[in-house]
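Worksheet: one structure, shown below.
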Amino acid sequence: MSSLTRVFKAVASSMIGVGKRKHLAQDFEAVEKTGPWPYIVVGLVMTVLFIGTLVVAVRLVLP
C-alpha cells in the first residue's frame, strides 16, 4: 500500500473515530520517519471537502 493511501486511511478513520491500535502504532512509526506534514495536509484537505459537501447539501435542500 502506498504511503499516501495509508495517510488517507489514517486520517479518514480518525475523522470518524474508528481504528485499530495496531494501525495507530504504524501511523506513529510513519510520523517518526516522515514527519507530521503529510497527515496535516491530508487532514486539512479532507476537512475542507467535508465542509464543502455540507454546504452544497444544505444549499440543495433549502430553497
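Residue numbers for the sequence shown, in the working numbering: 48 to 110.
Note that beta-carbon positions come from the ideal geometry of N, C-alpha and C, so glycine has one too.
Q | Euclidean distance between Cα positions of Val95 and Gln73 | A | Between Val95 and Gln73, the C-alpha separation is close to 26 Å.
Q: Work out the CA separation of Ala77 and Leu71 for me, nearest whole Å.
A: Rounded to the nearest angstrom, the two C-alpha atoms are 10 Å apart.
**Q.** Range of the contiguous alpha helix (DSSP H) that encloses Gly99
**A.** The continuous alpha helix (DSSP H) containing Gly99 extends over residues 84 to 108.
**Q.** Reference Val58, options Gly82, Thr100, Val89, Lys69, closest by Cα
**A.** Of the listed residues, the one whose Cα sits closest to Val58 is Val89.
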